[in-house]
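Chains as they are written, first to last, in the numbering used here: chain A, 40 to 362; chain B, 2 to 319.
Just so you know, even glycine gets a beta-carbon here, dropped at the ideal spot from N, CA and C.
Structure, as structure tokens:
Structural data, given as structure tokens:
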């Protein structure tokens, strides 16, 4: 199986879908001639030309809105926001428009748009370029939200997102682009709405996704050396949430720790734990816990940023405290 | 190409249908049969009919919460529109969209929008789709002059201009942004001058003259279909009723409204038709045909069932 980086895997997904479906086109800032700040759209312009690989002005409401209109008129746009933080600049188009137009039209139109962006911290990009928005995006009915952690999942999920026929917010992480992994050759997709057990274990379930999933695996490795076997679940899709996989795991381990980089306050961890208590109140032997960013804007200095964002060591400590 | 004279009587009937649609809604609203907000387009019927009738059925349209007339002029079923107002299962959005979200893609109507200026990029995007699909469909978007102070207005004009999109921007300048005179909130109220800064043809027309409106849109559509890109049309008109039901209209005088009634579009088209040889009886017949269409739609809507509660959970995703 070939080894690709996360950004190469995304690039393959875009190229394959654009080859297979003339309705697919990409728009965004610096994605054409430059090939994208994170190289996800590298060489697409040369293959598909400027009609289908469109460099946009710095105008997020405008080009997300155009993507929505094009989607309603039969196209499959993949719109890239340079940073997820800029989704707020286009928030009306994403939240009031893309998510709701089909419903408000009684199902007579559809909005098959993919909005891609990288998010998260760990690079000292500061408070307006380091946020994680999946919790509040998942709170908007009408949006599908995915956040793959591996190159193989990134490729398979992006292909599914483009084919979904609905608005999908596709969350990447700026520190995953250069990570490598095996990516299957040939046609494959990863289903939306399906979590995966990335590491089996009997003592505790750790649920995570995106970059903190890698931290969870790192922590599980360390814990294993102490004789604690953590089962690590990669959500892969944030909305719709695959509670079945979580419930099945927790029924075996009886412990749950949810880890994410977005803020703990009103975050996805709270939602998952609430659903667990509603759906399987007797499954736990110790109270479930969550680990996310502290409730401050994301700072720049490494010592500060590491103090705010969850690290592998925090996961180890969190698990130990639950034993 | 000018408005075909033989269709002027049809336009007169259509403008009455729109006017009477709004009058019927006011009546039903006052009876408590309509939920939510209602933003009437009374006085702005010529922009709707002149603009939409210059388009093909497969051309796209987006409009605003004041867009009942435009939706009807583009071909939305009067019955489906009225049923939507009453929140019925037979409404164009099955009761899920209501007054501000009339949609019917079968006539090119991609949606009315309740966020000011939000529909502009959707029309430009539909035009982009048409360009990518190598089709010659154009997209028209109606908005009020209040929209010109929104960021996405400027973003969309810029994108449409640089990509030569076949979109027609129609600003209905009715002088009031919600309940505030626009001259108090807008540095340049001749909005076509702002649009012209984006290097696209920008004109100002008498929006109460259905023939002038038709000619302007027809010219813009021909220009767009031949690859010439977008046009901006500022249509000067006047909103004879308030911004919405319950608007106390403290921002203007009764005299101003009375003066506007003398030059409103239906009065003017009636005068024009008489000059062309139609009789009072001919006009009365056209108006009574409009009455019948509305009466039928109200009856249809009132007799239609409410949506089943479980329908609330459908139509989120395709």
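Enumerate, from N- to C-terminal direction, the unbroken alpha helix (DSSP H) stretches of 4 or more residues contained entirely within the stretch 15–102 of chain B. DSSP runs (the alpha helix (DSSP H)) wholly in the stretch 15–102 of chain B: 46–54, 69–75 and 79–86.
Which residues of chain A have a Cβ atom closer than 7 angstroms to the Cβ of residue 1(B), listed in chain order? This structure leaves residue 1(B) out entirely; chain B is present only between 2 and 319.
Per-residue DSSP class, three states only, for residue 122(B): Numbered from its first residue, the second chain carries residue 122(B) at position 121. Helix, per DSSP.
Does any CB atom of chain B fall closer than 7 angstroms to the CB of residue 40(A)? Your numbering for residue 40(A) matches position 1 in the first chain. Residue 40(A) is outside the set of residues whose beta carbon lies under 7 angstroms from a beta carbon in chain B.
Which runs of the alpha helix (DSSP H) fall wholly inside the stretch 94–169 of chain A and span at least 4 residues, in chain order? For the alpha helix (DSSP H) assignment, the uninterrupted runs of no fewer than 4 residues enclosed by the stretch 94–169 of chain A are, from N- to C-terminal side, 99–111 and 140–143.
7 angstroms Cβ cutoff, residue 123(A) in contact with chain B: Residue numbering aside, residue 123(A) sits at position 84 when the first chain is read from its first letter. Chain B has no Cβ within less than 7 angstroms of the Cβ of residue 123(A).
Rounded to a whole number of angstroms, what is the C-alpha to C-alpha distance between residue 91(B) and residue 117(B)? Working through the second chain from its first residue, we reach residue 91(B) at position 90. Working through the second chain from its first residue, we reach residue 117(B) at position 116. Rounded to the nearest angstrom, the two C-alpha atoms are 27 angstroms apart.
Based on Cα-Cα distance, which residue from 126(A), 149(A) and 273(A) lies nearest to residue 232(A)? Position 193 of the first chain, counting from 1, holds the residue named residue 232(A). Comparing alpha carbon positions, the residue from 126(A), 149(A) and 273(A) closest to residue 232(A) is 273(A).
Residue interval of the beta strand (DSSP E) (run including residue 4(B)): In the second chain, the residue the question calls residue 4(B) occupies position 3. Premise fails: residue 4(B) is in no beta strand (DSSP E) and is neither H nor E.
Residues in its own chain within less than 6 angstroms of residue 91(A) by CB, not counting five upstream and five downstream? The residue you call residue 91(A) lines up with position 52 of the first chain. Answer for residue 91(A): 64, listed in chain order.
Please say whether residue 260(A) and residue 240(A) have beta carbons closer to each other than 7 angstroms? In the first chain, residue 240(A) corresponds to position 201, counting from 1. In the first chain, residue 260(A) corresponds to position 221, counting from 1. The answer is no: Cβ separation not under 7 angstroms.
Contacts that residue 48(B) makes with chain A (C-beta to C-beta distance below 7 angstroms): For the purposes of this step, residue 48(B) is taken as the residue at position 47 of the second chain. Within chain A, no residue comes near residue 48(B); the closest Cβ sits about 21 angstroms away, beyond 7 angstroms.
Does the structure place the stretch 304–315 of chain A close enough to the stretch 275–292 of chain A that three or more beta carbon pairs sit under 8 angstroms? Contact between the stretch 275–292 of chain A and the stretch 304–315 of chain A is present, with at least three C-beta pairs closer than 8 angstroms.
Beta-carbon separation of residue 80(B) and residue 318(B) under 7 angstroms? On the second chain, position 79 is the one that residue 80(B) refers to. On the second chain, position 317 is the one that residue 318(B) refers to. Cβ distance not < 7 angstroms, so residue 80(B) and residue 318(B) don't count as in contact.
Three-state secondary structure (DSSP) at residue 283(A)? The residue given as residue 283(A) occupies position 244 in the first chain. In the structure shown, residue 283(A) sits in a helix (DSSP, three-state: H, G or I).
Assuming residue 155(B) is part of the alpha helix (DSSP H), what are its boundary residues? Taking the second chain and counting its residues from 1, one reaches residue 155(B) at position 154. Its alpha helix (DSSP H) spans residues 152–163.
Determine which residues of the stretch 136–170 of chain B have a Cβ less than 7 angstroms from any Cβ of chain A, and write them out in chain order. Hits within the stretch, in order: 152, 153, 156, 157, 159 and 160.
Segments assigned alpha helix (DSSP H), at least 4 residues, entirely inside the stretch 263–291 of chain B: For the stretch 263–291 of chain B, the continuous alpha helix (DSSP H) assignments of 4+ residues that do not extend past its boundaries occur at 266–276, in sequence order.
Are the CB atoms of residue 208(A) and residue 179(A) within a distance shorter than 7 angstroms? By one-based count along the first chain, residue 179(A) stands at place 140. By one-based count along the first chain, residue 208(A) stands at place 169. Contact: no.
Skipping 5 residues on each side, what residues in its chain have a beta carbon closer than 8 angstroms to that of residue 10(B)? Stepping through the second chain from its first residue, residue 10(B) is reached at position 9. Closer than 8 angstroms at Cβ, skipping near neighbours: 274, 279, 283 and 287.
Find the nearest neighbour of residue 4(B) within the set 312(B), 96(B) and 50(B), judged by alpha-carbon distance. Your numbering for residue 4(B) matches position 3 in the second chain. Looking at the Cα atoms, 50(B) is the closest of the given residues.
Sequence-distant residues of its chain with Cβ nearer than 6 angstroms to residue 244(B) (five each side left out): Indexing the second chain from 1 puts residue 244(B) at position 243. So the qualifying residues of the chain are 179 and 180.
Ordered along the chain, which non-local residues of its own chain (more than five positions away) have a Cβ less than 6 angstroms from that of residue 105(B)? Taking the first residue of the second chain as 1, we reach residue 105(B) at position 104. The beta carbon of residue 105(B) sits closer than 6 angstroms to those of 77 and 93, all from its chain and outside the five residues before and after it, given in chain order.
So the beta strand (DSSP E) residue 72(A) belongs to, where does it begin and stop? Numbered from 1 along the first chain, position 33 holds the residue referred to as residue 72(A). No beta strand (DSSP E) holds residue 72(A); DSSP gives it neither H nor E.
Would you grab the beta carbon distance between residue 146(B) and residue 220(B) for me? Rounded to a whole angstrom, and I think it's under 8 angstroms. Against the second chain, residue 146(B) aligns to sequence position 145. Against the second chain, residue 220(B) aligns to sequence position 219. Between residue 146(B) and residue 220(B) a beta carbon distance of about 21 angstroms is seen, past the 8 angstroms cut, so the two are scored as non-contacting.
Quick check on residue 237(A): does DSSP put it in helix, strand or coil? As a first step, residue 237(A) must be located in the first chain, where it is residue number 198. DSSP places residue 237(A) in strand when its eight states are reduced to three.
Please state if the CB of residue 289(A) and the CB of residue 228(A) are separated by a distance shorter than 7 angstroms. Working through the first chain from its first residue, we reach residue 228(A) at position 189. Working through the first chain from its first residue, we reach residue 289(A) at position 250. The beta carbons of residue 228(A) and residue 289(A) sit no closer together than 7 angstroms.
Would residue 160(A) and residue 337(A) qualify as a contact pair, given that the criterion is a beta-carbon distance under 7 angstroms? Reading the first chain from its first residue, position 121 is the one you call residue 160(A). Reading the first chain from its first residue, position 298 is the one you call residue 337(A). Yes. Within cutoff.
Measure the CB-CB distance between residue 322(A) and residue 348(A) and report whether it falls below 7 angstroms. For the purposes of this step, residue 322(A) is identified with residue 283 of the first chain, where counting begins at 1. For the purposes of this step, residue 348(A) is identified with residue 309 of the first chain, where counting begins at 1. No, these two residues do not count as a Cβ contact at 7 angstroms.
Specify the secondary structure class of residue 202(A) as computed by DSSP and reduced to three states. Within the first chain, numbered from 1, the residue matching residue 202(A) stands at position 163. Helix.
The beta strand (DSSP E) enclosing residue 144(B), as first and last residue numbers: As a working note, residue 144(B) is residue 143 in the second chain. Segment 140–145, the beta strand (DSSP E) holding residue 144(B).
Taking residue 239(B) as the reference, which of 182(B), 165(B) and 25(B) has the closest Cα? Here the question's residue 239(B) lines up with position 238 in the second chain. In terms of CA proximity to residue 239(B), 182(B) leads the group 182(B), 165(B) and 25(B).
Identify every residue that forms a DSSP beta bridge with residue 112(B). Locating residue 112(B) in the second chain gives position 111, counting from the first residue. Assignment of beta-bridge partners to residue 112(B) by DSSP yields 63(B).
Which of the three DSSP states is assigned to residue 224(A) in this structure? The residue given as residue 224(A) occupies position 185 in the first chain. In the structure shown, residue 224(A) sits in coil (DSSP, three-state: anything other than H, G, I, E or B).
Since residue 16(B) and residue 298(B) should fall inside the 8 angstroms C-beta cutoff, what is the C-beta to C-beta distance between them, to a whole number of angstroms? Numbered from 1 along the second chain, position 15 holds the residue referred to as residue 16(B). Numbered from 1 along the second chain, position 297 holds the residue referred to as residue 298(B). Residue 16(B) to residue 298(B), Cβ: 16 angstroms. No contact.
Of the residues 211(A), 175(A), 170(A) and 205(A), the one placed nearest residue 190(A), counting alpha carbons only: Taking the first residue of the first chain as 1, we reach residue 190(A) at position 151. That would be 211(A), whose Cα lies nearest to the Cα of residue 190(A).
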